[in-house]
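Below is one structure; the comments refer to it alone.
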Amino acid sequence: MDTSVVSLEEHKKKEFVVPEVADIRLEWDNVRPGIEDILAGSPQLTFLPEDVYSECVNGRATLLTSPIGFLVLTSQIDTFTNDKTLLIWLAYTYVKGTNNWLDHVEWFESIARNLGCRFIEARSAVPKMEAYALRNGWSLDTRIYTREVPDGE
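Okay, so the sequence shown: first residue is 12 according to our numbering, each after it adds one.
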């Protein structure tokens, strides 16, 4: 058993500061470096920091900030079932490896209920996150494998 992965109960002992909805235009200088950090560590992501900015400004995503970091939330509707999912699109903490955003699932559940969502989804390429999430009530739905097609020359 990986003892370096802390349990949800251990993390919940920390005081929770509720993230607040923020205007990305006012917070851009603070959040852009974090978005760039996420993108630098996840080359499979194809969007730019400016795409996040645009999604927030145009009301398709919401920025929330707190003293420990920031989140960008959005929602998606399943084309076939019409089920709505709250997507934790980006989660950035100033102290790495603390899984802070996962510690407050009840808060996310409240947001999801208020938005009429049936599910909450988070995506990550961070290996340690999987053990922590699975240990704390999340399920693994899929893994995505990609292969670049070589030029036909």
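In this text, a Cβ means the ideal position worked out from N, Cα and C, and glycines have one as well.
Note that the coordinates shown come from a computational prediction; the quantities given were computed from them, not determined experimentally.
query = Should A142 be labelled buried (16 or more other beta-carbon atoms within 10 Å of its own) or exposed?
reply = Exposed: under 16 other Cβ atoms inside 10 Å.
message = Is the beta carbon of F81 closer than 8 Å to that of L97?
response = No, these two residues do not count as a Cβ contact at 8 Å.
ask   = Do you know whose CA, among I46, T73, P54, lies nearest E61's CA?
value = Comparing Cα-Cα distances from E61 to each of I46, T73, P54, the minimum goes to I46.
key: T153 versus E132 - alpha carbon distance   = Rounded to whole angstroms, the separation of the alpha carbons of E132 and T153 is 11 Å.
inquiry  = As an exercise, report each continuous beta strand (DSSP E) stretch of at least 3 residues that is fully enclosed by the stretch 53-88, in chain order.
reply    = As for any beta strand (DSSP E) of minimum length 3 sitting wholly inside the stretch 53-88, the runs are 73-77, 80-88, ordered along the chain.
ask   = Which of the three DSSP states, helix, strand or coil, is assigned to Y103?
value = Y103: strand per DSSP, three-state reduction.
task = Could you check the C-alpha separation between I155 and R146 for me, to the nearest Å?
result = Going by the C-alpha atoms only, they are around 21 Å apart.
ask   = Given that a residue counts as buried once 16 or more other Cβ atoms are within 10 Å of its Cβ, and exposed if not, what is D162?
value = Counting every other CB atom within 10 Å of its CB across the protein chains shown gives D162 a total below 16, marking it as exposed.
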